[in-house]
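Notes for the one structure printed next.
2 protein chains.
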Amino acid sequence: MSGAFCAAVDWGTSSFRLWLLDASGAPLAERRSDQGMSGLTGGGFGTVLESHLAALSAPADLPVVVCGMAGARQGWIEAPYVDTPAALDRVADHCVRPEHAAREVRILPGVAQRDPAAPDVMRGEETQLLGAFAGQDGAGLACMPGTHSKWVRLSGTRIDGFSTVMTGEMFAALGHHTILSHSLAEPEGEAAAAAFAAAVRRALARPEALVSEFFRIRAGGLLGFAAPGTGGGTLSGLLIGAEIAAARALAGLPEEVTLIASGAIAERYGTALALAGCTTRRIDADGAARAGLFAAATRLWPTRNRRD
Amino acid sequence: MSGAFCAAVDWGTSSFRLWLLDASGAPLAERRSDQGMSGLTGGGFGTVLESHLAALSAPADLPVVVCGMAGARQGWIEAPYVDTPAALDRVADHCVRPEHAAREVRILPGVAQRDPAAPDVMRGEETQLLGAFAGQDGAGLACMPGTHSKWVRLSGTRIDGFSTVMTGEMFAALGHHTILSHSLAEPEGEAAAAAFAAAVRRALARPEALVSEFFRIRAGGLLGFAAPGTGGGTLSGLLIGAEIAAARALAGLPEEVTLIASGAIAERYGTALALAGCTTRRIDADGAARAGLFAAATRLWPTRNRRD
Numbered sequence: 000m001s002g003a004f005c006a007a008v009d010w011g012t013s014s015f016r017l018w019l020l021d022a023s024g025a026p027l028a029e030r031r032s033d034q035g036m037s038g039l040t041g042g043g044f045g046t047v048l049e050s051h052l053a054a055l056s057a058p059a060d061l062p063v064v065v066c067g068m069a070g071a072r073q074g075w076i077e078a079p080y081v082d083t084p085a086a087l088d089r090v091a092d093h094c095v096r097p098e099h100a101a102r103e104v105r106i107l108p109g110v111a112q113r114d115p116a117a118p119d120v121m122r123g124e125e126t127q128l129l130g131a132f133a134g135q136d137g138a139g140l141a142c143m144p145g146t147h148s149k150w151v152r153l154s155g156t157r158i159d160g161f162s163t164v165m166t167g168e169m170f171a172a173l174g175h176h177t178i179l180s181h182s183l184a185e186p187e188g189e190a191a192a193a194a195f196a197a198a199v200r201r202a203l204a205r206p207e208a209l210v211s212e213f214f215r216i217r218a219g220g221l222l223g224f225a226a227p228g229t230g231g232g233t234l235s236g237l238l239i240g241a242e243i244a245a246a247r248a249l250a251g252l253p254e255e256v257t258l259i260a261s262g263a264i265a266e267r268y269g270t271a272l273a274l275a276g277c278t279t280r281r282i283d284a285d286g287a288a289r290a291g292l293f294a295a296a297t298r299l300w301p302t303r304n305r306r307d
Numbered sequence: 000m001s002g003a004f005c006a007a008v009d010w011g012t013s014s015f016r017l018w019l020l021d022a023s024g025a026p027l028a029e030r031r032s033d034q035g036m037s038g039l040t041g042g043g044f045g046t047v048l049e050s051h052l053a054a055l056s057a058p059a060d061l062p063v064v065v066c067g068m069a070g071a072r073q074g075w076i077e078a079p080y081v082d083t084p085a086a087l088d089r090v091a092d093h094c095v096r097p098e099h100a101a102r103e104v105r106i107l108p109g110v111a112q113r114d115p116a117a118p119d120v121m122r123g124e125e126t127q128l129l130g131a132f133a134g135q136d137g138a139g140l141a142c143m144p145g146t147h148s149k150w151v152r153l154s155g156t157r158i159d160g161f162s163t164v165m166t167g168e169m170f171a172a173l174g175h176h177t178i179l180s181h182s183l184a185e186p187e188g189e190a191a192a193a194a195f196a197a198a199v200r201r202a203l204a205r206p207e208a209l210v211s212e213f214f215r216i217r218a219g220g221l222l223g224f225a226a227p228g229t230g231g232g233t234l235s236g237l238l239i240g241a242e243i244a245a246a247r248a249l250a251g252l253p254e255e256v257t258l259i260a261s262g263a264i265a266e267r268y269g270t271a272l273a274l275a276g277c278t279t280r281r282i283d284a285d286g287a288a289r290a291g292l293f294a295a296a297t298r299l300w301p302t303r304n305r306r307d
């Protein structure tokens with residue numbers, strides 16, 4: 000693969016994505032796998048990385064920039080957190096290099112909020128934010144839904160603070176490992192979207208009673224009040240509604256929220272935020288990660304595109 | 000075993016308890032096992048019951064009264080719910096008899112709240128309440144903690160309404176099947192009780208932000224703000240605090256709450272309710288189940304103690 004400026008890797012807990020990027024940041028090739036951090040040990044990271052680069056015939060001297068959980072303590076090599084307030088365009092200055100890598104590899108750090116009353120960490124989202132707001136004013140509130148959703152308060156391109164809500168993981172844990180699994184086993188029904196919206200409304204109207212809502216999914220099914228195939232929509236709506244209510248309680252909701260997400264999850268959060276009275280400015284999460292990694296690479300290797 | 004008036008069985012999802020009771024309701028013998036409903040099929044119930052009765056040399060004509068999930072649709076035989084408002088001392092009038100049982104067996108029904116906005120069901124707790132309030136005025140609010148905690152509003156010995164919170168099941172699901180499992184894997188530390196109380200306070204003070212608290216258990220550990228071995232206490236405190244806050248939001252908290260629980264869980268809820276400003280009147284859950292089954296038996300077989 001000629002013409003590549005760098006390889007960019009978003010290496011999460013359960014997923015691996017790699018792009019070869021040209022000097023303008025455009026993707027030349029892509030690889031995706033489920034070889035996330037949680038299945039690897041220290042030595043395995045370099046081997047997995049090289050196998051994907053070889054599959055794309057990447058040059059032996061092509062440098063690689065990595066964001067995500069590969070930089071966690073239990074990852075490839077720990078990239079210590081940058082603390083809030085954190086300037087997005089300076090995060091790359093604190094990257095680390097794994098020893099014994101077959102080529103130049105830089106792992107970007109995450110961001111920590113060292114507030115004893117609201118401790119929080121992110122790894123990877125700071126790079127998505129850098130990509131989302133490259134060259135623009137990111138002031139306001141960004142919602143980044145996922146396994147661990149992040150709600151990020153920004154001034155310019157500085158992270159002032161953030162809050163994590165384990166919405167995706169709570170959905171999986173409650174939906175698969177409690178009595179609600181009976182209600183979620185049915186295939187999704189026609190009324191699922193309406194059930195989702197109704198549940199968002201209930202969670203927004205009375206978030207302080209959230210925990211009394213979950214068993215009603217089961218009881219409503221047993222007593223014939225719930226339409227078939229609505230359990231998943233209701234549980235999702237309760238949790239996303241509760242997440243938005245928590246964000247509202249912590250810092251208030253602005254008129255417009257920047258929603259960094261892809262696919263069906265972007266639609267769900269867009270719908271839920273509208274029910275909370277917010278318009279959304281949508282940014283694709285995949286594109287933001289790629290753009291953020293490219294922005295970090297151009298800061299790490301500012302002269303490289305001239306050299307090639 | 001001579002002198003037995005009846006056998007009384009509390010047959011739950013994951014547990015089986017049987018007592019032989021004399022004509023005054025005092026226990027003559029007891030059996031406990033993990034042969035709950037979830038591991039049995041229709042025919043298995045009778046076999047399990049007879050094996051425990053044989054182990055106690057129970058007479059062949061001793062009648063048996065059963066409460067709990069054995070009466071669920073997927074149990075031994077369905078005992079259709081009695082609806083709220085439900086008079087506790089009349090629930091036994093709606094019991095069912097399994098066919099082909101080797102002796103007289105009566106399965107007590109559960110109670111349903113057929114409110115489309117707050118559908119709810121219980122099976123077994125109605126019998127504990129009958130035992131707890133036999134001959135007394137149970138007016139007020141009863142808290143019955145557990146896998147599925149019940150909060151029950153009573154007038155006299157009538158159930159006016161109730162609400163289920165899946166606190167025990169949520170603790171297990173979030174503690175074992177999310178990233179919080181890392182924080183809960185440590186042995187409980189000295190600071191766990193203080194962490195529990197602090198978490199109850201936070202959940203009571205700001206229940207609308209509950210879902211933003213969970214990930215802080217993990218992040219607080221990573222950033223060094225959480226004392227070792229406090230993850231379980233914090234998660235428990237957040238969930239119990241949220242449960243009490245939900246009860247407060249739904250129906251208000253009276254000055255005194257009747258707490259029907261046993262052992263360590265009774266201590267935890269007593270502490271948490273005190274932090275919410277409530278005194279507690281404590282009733283042992285095991286004794287309440289046994290007393291409730293006896294009260295149902297004397298209604299089912301009013302002449303039997305004279306006959307023996």
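Protein sequences appear in the order of chains A and B.
Quick note on numbering that gives the first Met the number 0: the first sequence kicks off at 0 and runs consecutively.
Quick note on numbering that gives the first Met the number 0: the second sequence kicks off at 0 and runs consecutively.
Every residue, glycine too, gets a C-beta built ideally from N, C-alpha and C.
- Segment limits, alpha helix (DSSP H) that includes residue 122 (chain B): Taken as a continuous stretch (DSSP letters only), residue 122 (chain B) belongs to no alpha helix (DSSP H), as it is neither H nor E.
- Starting from the beta carbon of residue 77 (chain B), find every residue of chain A whose beta carbon is closer than 7 Å, and list them in chain order. What residue 77 (chain B) touches in chain A: nothing, since even the nearest Cβ is about 11 Å away.
- Query: Just how far apart, CA to CA, sit residue 3 (chain B) and residue 173 (chain A)?
  - Reply: Cα-Cα distance, rounded: 44 Å.
- Query: Would the beta-carbon of residue 275 (chain A) be found less than 8 Å away from any heavy atom of the ligand COA?
  - Reply: Judged by which ligands are present, the structure shown has none, so any question about the ligand COA falls away.
- Item | Outcome for residue 83 (chain A) when other beta-carbon atoms lying within 10 angstroms are tallied against a minimum of 16 | Per the 10 Å Cβ criterion, buried.
- Message: Between the alpha carbons of residue 220 (chain A) and residue 74 (chain A), how many angstroms are there, rounded?
- Response: Rounded to whole angstroms, residue 220 (chain A) to residue 74 (chain A) spans 43 Å at the Cα level.
- Message: Can you confirm whether residue 178 (chain A), when its beta carbon is compared against all beta carbons of chain B, has any partner nearer than 9 Å?
- Response: At a cut-off of 9 Å between C-beta atoms, residue 178 (chain A) counts as an interface residue with respect to chain B.
- Query: Got a sec, what are the start and stop residues for the beta strand (DSSP E) residue 20 (chain A) sits in?
  - Reply: Secondary structure note for residue 20 (chain A): its beta strand (DSSP E) is the uninterrupted segment 15-20.
- Query: Can you list, in chain order, the residues of its chain whose CB lies under 8 Å from that of residue 77 (chain A), leaving out five sequence neighbours each side?
  - Reply: Within the same chain, and ignoring the five residues on either side of residue 77 (chain A) in sequence, the residues whose Cβ sits closer than 8 Å to its Cβ are 70, 71 and 95.
- Drop a sphere of 10 angstroms on the beta-carbon of residue 99 (chain B), count the other beta-carbons inside from all chains shown, and report buried for 16 or more, exposed for fewer. Around the C-beta of residue 99 (chain B), fewer than 16 other C-beta atoms lie within 10 Å, and the residue is accordingly described as exposed.
- Query: residue 255 (chain A): buried (16+ other C-beta within 10 angstroms of its C-beta) or exposed?
  - Reply: The residue is exposed, with fewer than 16 neighbouring Cβ atoms inside 10 Å.
- Query: Taking one C-beta from the stretch 7-16 of chain A and one from the stretch 281-294 of chain A each time, how about it: are there three or more such pairs within less than 8 Å?
  - Reply: The stretch 7-16 of chain A, when compared against the stretch 281-294 of chain A, does touch it at the 8 Å Cβ threshold.
- Out of curiosity, what's the CA-to-CA distance linking residue 111 (chain A) and residue 90 (chain A)? Distance between the alpha carbons of residue 111 (chain A) and residue 90 (chain A): 12 Å.
- According to a CB-to-CB cut-off of less than 9 Å, which residues of the stretch 231-262 of chain A neighbour chain B? Answer in chain order: 238, 241, 242, 244, 245, 246, 247, 248 and 249.
- Item | Stretch pair the stretch 294-303 of chain A + the stretch 138-148 of chain A: three plus CB contacts closer than 8 Å | Contact fails: fewer than three Cβ-Cβ distances are below 8 Å.
- Query: In the stretch 133-167 of chain B, which residues sit with their C-beta less than 9 Å from some C-beta in chain A, listed in chain order?
  - Reply: When CB distances to chain A are screened at a threshold of 9 Å, the residues of the stretch 133-167 of chain B falling below it are 146, 147, 150, 162, 163, 164, 165 and 166, in chain order.
- Put residue 290 (chain B) into one of helix, strand or coil per three-state DSSP. In the structure shown, residue 290 (chain B) adopts helical secondary structure according to DSSP, grouped into three states.
- Message: Going by the DSSP bridge assignment, what does residue 36 (chain A) pair with across the sheet?
- Response: Looking at the DSSP assignment, residue 36 (chain A) forms no beta bridge with any residue, so it has no partner.
- Give the DSSP bridge partners of residue 110 (chain A), in chain order. Per the DSSP secondary-structure output, residue 110 (chain A) pairs in a beta bridge with A:81 and A:121.
- Query: What is the DSSP secondary structure of residue 154 (chain B), reduced to helix, strand or coil?
  - Reply: DSSP places residue 154 (chain B) in strand when its eight states are reduced to three.
- Three-state class that DSSP yields for residue 161 (chain A) in the structure shown: Of the three classes helix, strand and coil, the one that applies to residue 161 (chain A) here is strand, per DSSP.
- Query: Using a beta-carbon distance cut-off of less than 9 Å, what residues from the stretch 28-43 of chain A approach chain B?
  - Reply: Answer set for the stretch 28-43 of chain A: empty.
- Give me the Cα-Cα distance between residue 192 (chain B) and residue 15 (chain B), rounded to the nearest whole angstrom. Each residue's CA atom was taken as its position, placing residue 192 (chain B) and residue 15 (chain B) some 31 Å apart.
- According to DSSP, is residue 295 (chain A) helix, strand or coil? Helix.
- Candidates B:86, B:107 and B:251: closest to residue 67 (chain B) by CA position: For residue 67 (chain B), the closest alpha carbon among the candidates B:86, B:107 and B:251 is that of B:107.
- Message: Restricting to Cα atoms, I'd like to know which of B:142, B:182 and B:166 is closest to residue 251 (chain B).
- Response: The alpha carbon of residue 251 (chain B) has as its nearest neighbour, out of B:142, B:182 and B:166, the alpha carbon of B:142.
- Assigned exposure category for residue 206 (chain B) - 16 Cβ within 10 Å defines buried: By the 16-neighbour rule on beta-carbons within 10 angstroms, residue 206 (chain B) is buried.
- Pair within 9 Å by beta-carbon distance, residue 30 (chain A) and residue 62 (chain A): No. Outside cutoff.
- Query: How is residue 215 (chain A) classed by DSSP in three states: helix, strand or coil?
  - Reply: In the structure shown, residue 215 (chain A) falls within a helical segment according to DSSP collapsed to helix, strand and coil.
- Message: Per DSSP, what are the beta-bridge partners of residue 258 (chain A) in this structure?
- Response: In DSSP, residue 258 (chain A) forms a bridge with A:142 and A:281.
- Message: When you compare the CB positions of residue 117 (chain B) and residue 162 (chain B), do they come within less than 9 Å of one another, or not?
- Response: Yes, Cβ-Cβ distance for residue 117 (chain B) and residue 162 (chain B) is below 9 Å.
- Message: Is residue 207 (chain B) close to chain A? Criterion is C-beta to C-beta, closer than 9 Å.
- Response: At least one chain A Cβ lies under 9 Å of residue 207 (chain B).
- Query: Would residue 13 (chain A) be called buried (16 or more neighbouring beta carbons within 10 Å of its own) or exposed?
  - Reply: Exposed is the call here.
- Message: Helix, strand or coil for residue 148 (chain B)? Go by DSSP, reduced to three states.
- Response: Here DSSP, grouped into helix, strand and coil, assigns residue 148 (chain B) to strand.
- Please list the residues of the stretch 208-219 of chain A that have a C-beta atom closer than 7 Å to any C-beta atom in chain B, keeping them in chain order. Of all residues in the stretch 208-219 of chain A, only 208, 209, 210, 211, 213, 214, 215, 218 and 219 place a beta-carbon less than 7 Å from a beta-carbon of chain B.
- Task: Say whether chain B places a C-beta atom closer than 9 Å to the C-beta of residue 321 (chain A).
- Result: Any property of residue 321 (chain A) remains undetermined from this structure, which presents chain A solely from 0 to 307.
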